[in-house]
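Chemist: Take this structure, written in structure tokens, and hold onto it; I'll ask about it next.
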Amino acid sequence: MRAFSYDRPDGVDAALRAVAGQAESGSPGSAQPPVKFVAGGTNLLDLMKADVMRPDRLVDISRLGLDGIEETDGGGLRLGALARNADTAYDERVSTRYPMLSKAILAGASAQLRNMATNGGNLLQRTRCYYFYDTGTPCNKREPGTGCGAIGGVNRIHAILGASDQCIAVHPSDMCVALAALEAEVRVTGPRGERVIPFAEFHRLPGDTPQIDSTLAADELITAIDLPPQGFAAHSTYLKVRDRASYAFALVSVAAALELEGANGATIRSARLALGGVAHKPWRDREVEAELAGKPASLETFRDAARLLLREAKGRSHNAFKIGLAERAIVRALAEAAGVEHP
Amino acid sequence: MSQPTGSASLGHAQQQPAPPPPDLVEVTLTINGSPKTLHVAPWTSLLDALRLQLDLTGTKKGCDHGQCGACTVLVDGRRINSCLTLAVMQEGRAVTTIEGLARGDALHPMQEAFVEHDAFQCGYCTPGQICSAVGMLEEGRATTDDDIRELMSGNLCRCGAYPNIVAAIRQVMDAQATDAKGTDAKATNKAGGPS
Ligand SMILES: Cc1cc2nc3c(=O)[nH]c(=O)nc-3n(C[C@H](O)[C@H](O)[C@H](O)COP(=O)(O)OP(=O)(O)OC[C@H]3O[C@@H](n4cnc5c(N)ncnc54)[C@H](O)[C@@H]3O)c2cc1C
Ligand code: SF4
Ligand code: FES
Ligand code: FES
Chain A
117 MRAFSYDRPD GVDAALRAVA GQAESGSPGS AQPPVKFVAG GTNLLDLMKA DVMRPDRLVD
177 ISRLGLDGIE ETDGGGLRLG ALARNADTAY DERVSTRYPM LSKAILAGAS AQLRNMATNG
237 GNLLQRTRCY YFYDTGTPCN KREPGTGCGA IGGVNRIHAI LGASDQCIAV HPSDMCVALA
297 ALEAEVRVTG PRGERVIPFA EFHRLPGDTP QIDSTLAADE LITAIDLPPQ GFAAHSTYLK
357 VRDRASYAFA LVSVAAALEL EGANGATIRS ARLALGGVAH KPWRDREVEA ELAGKPASLE
417 TFRDAARLLL REAKGRSHNA FKIGLAERAI VRALAEAAGV EHP
Chain B
5 MSQPTGSASL GHAQQQPAPP PPDLVEVTLT INGSPKTLHV APWTSLLDAL RLQLDLTGTK
65 KGCDHGQCGA CTVLVDGRRI NSCLTLAVMQ EGRAVTTIEG LARGDALHPM QEAFVEHDAF
125 QCGYCTPGQI CSAVGMLEEG RATTDDDIRE LMSGNLCRCG AYPNIVAAIR QVMDAQATDA
185 KGTDAKATNK AGGPS
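So the protein lines, in turn, are chains A and B.
When you read off a place in the first sequence, starting at 1, and then add 116, the result is the number in the working numbering.
When you read off a place in the second sequence, starting at 1, and then add 4, the result is the number in the working numbering.
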């Protein structure tokens, strides 16, 4: 690791002063802002050891007191940005009202890592693309303009949706897939005041600027993640498909949530569907969700939805298998959420 | 990783001049029950501080990237990977390593169970496995063997001693459950290192 200095400010204002003036460099996850917040450290320190991130100064925000989980006025929950992933997943309000979110968090990393990792850090974790980690290879996300090692290289874990000719990386988080399906909101503070970013607008597609992961500016701090009251507790699930049974990133994952109505809940009233492991951001398709509404909760409906969602999926030399895998995972997740028997 | 690397890499084509000697930061930690004050470079991981400065080499470095669990220690009773945190970030906290689990000559029940069940071969992953298992029982989320496998998945064993590791943990878990039925007081005083 390169040399850097370390600071532990005693309040949010002091933390913001420490990163003031670096908004121009893009998001905290992008390019090389000289000052970085460190929360759990599990992604940033890893990337610093690999020499992928090279800050001069770390600002430790883990003791700012933003680690509570509280009720919101509207009947939802506010998850502190510095609350640990394990504490969030095991919080009884989260696990009973938002079981899909608990399941997604617990499907990620290991128990030790979840004890360290924070909610804000989870949102801003960077891709696990092998070339991004390997400073001996070109990578537009790490060093803009150098090219993409994965296009034409080994791309088994890469995107099938929303990729660009600059970058085909995927966002690796499990938690974020559930947050996308729940339509969470990210609460942020910075020199321009507070703002709320809808989850669908928090992460971005790579386009021509794959070095920018999110719409958060480099001088902003995430303070909390708000969950709306609707948690889909009765009919939802998170399904993660990976190379080993535990402690591996998703090849494909699905957060599926339904509201059912009619006799025995035979009809879908509304649906939420988000995919992980397939794109540069948690992938949500409102057209597919709208298409599901009003349909019978049946395998046929789910298969149609899966095919529609994947209509523009594009496989590359090693990851084309993800298209079929995603199709089957969507069907299974929706069937599980609906309580419909599936093969 | 305890040395700054000034080496050239893509995008940093110019060789950097040798970095100046680091400003050391003072950190006070409670290590296995005793307060210790260290002077470390900010980039010293907790793992390197334990092994290189405190000579507590029981905690192992397997991958140094959070991928193997060999470096697992307990911080304020919770298991974490000591390779992915900085020593300075743990200021004021209590760290329990494998060296701190026994009470005098009496092994911790988890250590005894690992010996009894032959839950290792080369032993490299074992300190991390044992600290992780102690942390897992403290968390109290496991009831079945499958729970143990899932919640211990952050500890890899290249020798494949998994079946015996699960058996060893199971034994301690069952003993604690029986204990808890007998005396309520004991349940709150279970494994977690010397206090
Ligand atoms: C071996 C391994 C396996 C893993 N497996 C999985 C997996 O299967 N699924 C999964 O989802 N994740 C997985 N992870 C990733 C893990 O979930 C993330 O590393 C973790 O969530 C990051 O949180 P942190 O608090 O440690 O972030 P840090 O490393 O401290 O920070 C990450 C980034 O976020 C920024 N940041 C943090 N908090 C804030 C804030 N409040 N405001 C603004 N910026 C902030 C930091 O500046 C930094 O850029 C794995 C990690 C490892 C090492
Ligand atoms: S896919 Fe993106 S992260 Fe991976 S090498 Fe290409 S540009 Fe870099
Ligand atoms: S050395 Fe820390 S997890 Fe491998
Ligand atoms: S006993 Fe050898 S690695 Fe586990």
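Positions of the beta carbon are idealized from the N, C-alpha and C atoms, including for glycine.
Model, not experiment: these values are computed from the prediction.
List, in chain order, every chain B residue whose beta-carbon is nearer than 8 Å to that of S121 (chain A).
Modeler: By Cβ distance, chain B contributes D27 and P46.
Chemist: Secondary structure at G151 (chain B), three-state DSSP: helix, strand or coil?
Modeler: Per the sequence shown, residue 151 (chain B) should be read as Asp rather than Gly. Three-state result, D151 (chain B): helix.
Chemist: So with Cβ pairs under 7 Å, would you call L141 (chain B) a contact of chain A?
Modeler: So, not an interface residue.
Chemist: Could you tell me if the beta carbon of V286 (chain A) falls within a distance shorter than 6 Å of some heavy atom in ligand 1?
Modeler: Checking the Cβ of V286 (chain A) against ligand 1 gives no.
Chemist: Using a beta-carbon distance cut-off of less than 8 Å, what residues from the region 323-341 of chain A approach chain B?
Modeler: Answer set for the region 323-341 of chain A: empty.
Chemist: Can you name the residues of chain B whose CB is closer than 7 Å to the CB of G265 (chain A)?
Modeler: None at all; the shortest Cβ gap to chain B is about 11 Å.
Chemist: Mind checking if V77 (chain B) is an interface residue toward chain A, Cβ cutoff 7 Å exclusive?
Modeler: Not one chain A Cβ lies under 7 Å of V77 (chain B).
Chemist: Using the Cβ count rule (16 or more neighbours within 10 Å means buried), how would you classify C163 (chain B)?
Modeler: When all chains shown are included, C163 (chain B) counts as exposed.
Chemist: If you draw a straight line from the alpha carbon of S146 (chain A) to that of G137 (chain A), how long is it in whole angstroms?
Modeler: In this prediction, S146 (chain A) scores a pLDDT of 49, lower than 50, which makes its location untrustworthy; no coordinate-derived value is stated.
Chemist: Consult DSSP for K165 (chain A) and reduce its assignment to one of helix, strand or coil.
Modeler: The answer is helix: DSSP assigns K165 (chain A) an H, G or I state.
Chemist: Would the C-beta of D68 (chain B) count as close to ligand 3, meaning under 6 Å from any of its heavy atoms?
Modeler: Checking the Cβ of D68 (chain B) against ligand 3 gives yes.
Chemist: Does the beta carbon of T130 (chain B) sit closer than 7 Å to a beta carbon anywhere in chain D?
Modeler: As a matter of chain content, chain D is missing from the structure shown, whose protein chains are A and B.
Chemist: For F348 (chain A), count neighbouring C-beta atoms within 10 Å of its own C-beta (all shown protein chains included) and say buried if the count is 16 or more, exposed if not.
Modeler: Under this definition F348 (chain A) is a buried residue.
Chemist: For the alpha helix (DSSP H) that contains N235 (chain A), what are its first and last residues?
Modeler: Looking at the DSSP string, the run of the alpha helix (DSSP H) that includes N235 (chain A) is N235 to L239.
Chemist: Give me every residue whose Cβ sits closer than 5 Å to any heavy atom of ligand 1, in chain order.
Modeler: Result (chain order): A:P144, A:K152, A:F153, A:V154, A:A155, A:G156, A:G157, A:T158, A:N159, A:L160, A:A197, A:G224, A:A225, A:A233, A:T234, A:G236, A:G237, A:N238, A:L240, A:Q241, A:S289, A:D290, A:L337, A:I338, A:F365, B:G70 and B:Q71.
Chemist: How many Å lie between S352 (chain A) and E452 (chain A) at the Cα?
Modeler: If I take the Cα positions, the gap works out to 8 Å.
Chemist: Can you confirm whether T61 (chain B), when its beta carbon is compared against all beta carbons of chain A, has any partner nearer than 7 Å?
Modeler: So, not an interface residue.
Chemist: Tell me which residues of the region 85-116 of chain B have at least one Cβ-Cβ distance to chain A shorter than 8 Å, keeping chain order.
Modeler: Going along the region 85-116 of chain B in chain order, one finds N85, L88, T89, L90, V92, M93 and E95 with a Cβ nearer than 8 Å to chain A.
Chemist: Please list the partners that N201 (chain A) has in chain B, where partner means a Cβ-to-Cβ separation under 7 Å.
Modeler: Those do not exist, as N201 (chain A) stays about 12 Å from chain B at its closest Cβ, beyond 7 Å.
Chemist: For A98 (chain B), which residues of its own chain have a beta-carbon under 6 Å away from its beta-carbon, when the five flanking residues on both sides are left out?
Modeler: Excluding positions up to five away in sequence, the list reads T34 and D80.
Chemist: Under the rule that 16 or more other beta-carbon atoms within 10 Å means buried, what is D176 (chain A), buried or exposed?
Modeler: Burial call: buried.
Chemist: Ignore the nearest five residues each way along the sequence and tell me which others in I152 (chain B)'s own chain have a CB closer than 7 Å to its CB.
Modeler: Excluding sequence neighbours, I152 (chain B) sits near A146, V170, I173 and R174.
Chemist: Below 6 Å, is the gap between the Cβ of A449 (chain A) and the nearest heavy atom of ligand 3?
Modeler: The answer is no for A449 (chain A).
Chemist: Keeping to the same chain, check which residues put their C-beta closer than 7 Å to that of E317 (chain A); ignore five residues upstream and five downstream.
Modeler: Closer than 7 Å at Cβ, skipping near neighbours: T331.
Chemist: Using alpha carbons as the reference points, say which of A:I185, A:G191, A:L240 and A:G190 lies closest to A199 (chain A).
Modeler: Among A:I185, A:G191, A:L240 and A:G190, the Cα nearest to that of A199 (chain A) belongs to A:I185.
Chemist: May I ask whether a heavy atom of ligand 2 can be found less than 6 Å away from the beta carbon of C264 (chain A)?
Modeler: Yes, the Cβ of C264 (chain A) comes within 6 Å of a heavy atom of ligand 2.
Chemist: Residues of chain A with CB closer than 7 Å to the CB of D68 (chain B), please, in chain order.
Modeler: By Cβ distance, chain A contributes K165.
Chemist: By the three-class DSSP mapping on this structure, what secondary structure does P459 (chain A) have?
Modeler: P459 (chain A): coil per DSSP, three-state reduction.
Chemist: Classify P459 (chain A): buried if its beta carbon has 16 or more other beta carbons within 10 angstroms, exposed otherwise.
Modeler: Burial call: exposed.
Chemist: Please state the DSSP three-state secondary structure of S143 (chain A).
Modeler: Confidence at S143 (chain A) is low in this model, with a pLDDT of 47, below 50, so the placement of that residue is unreliable and no value is reported for it.
Chemist: Taking CB distances under 7 Å as the criterion, tell me whether P144 (chain A) reaches chain B.
Modeler: In this prediction, P144 (chain A) scores a pLDDT of 44, lower than 50, which makes its location untrustworthy; the coordinate-derived value is nonetheless stated afterwards. Not closer than 7 Å to any Cβ of chain B, the Cβ of P144 (chain A) fails to qualify, so no.
Chemist: Which whole-angstrom value is the C-beta distance of G158 (chain B) and A227 (chain A), which I expect to be below 8 Å?
Modeler: With a Cβ gap of about 5 Å, G158 (chain B) and A227 (chain A) count as contacting.
Chemist: Per DSSP, what are the beta-bridge partners of D43 (chain B) in this structure?
Modeler: First, the residue type needs correcting, since residue 43 (chain B) is His and not Asp in the sequence shown. DSSP, once it has assigned bridges, lists B:E30 as partnering H43 (chain B).
Chemist: Take K397 (chain A) as the anchor and find which of A:D335, A:N238 and A:I341 has the nearest alpha-carbon.
Modeler: Closest option to K397 (chain A), Cα to Cα, is A:N238.
Chemist: Grab me the residues of R423 (chain A)'s own chain with a C-beta within less than 8 Å of its C-beta, minus the 5 sequence neighbours each way, in chain order.
Modeler: Excluding residues within five positions, the ones whose Cβ falls inside 8 Å are E443.
Chemist: Is the beta carbon of C161 (chain B) within less than 6 Å of some heavy atom of ligand 3?
Modeler: Not so, every heavy atom of ligand 3 lies at least 6 Å from the Cβ.
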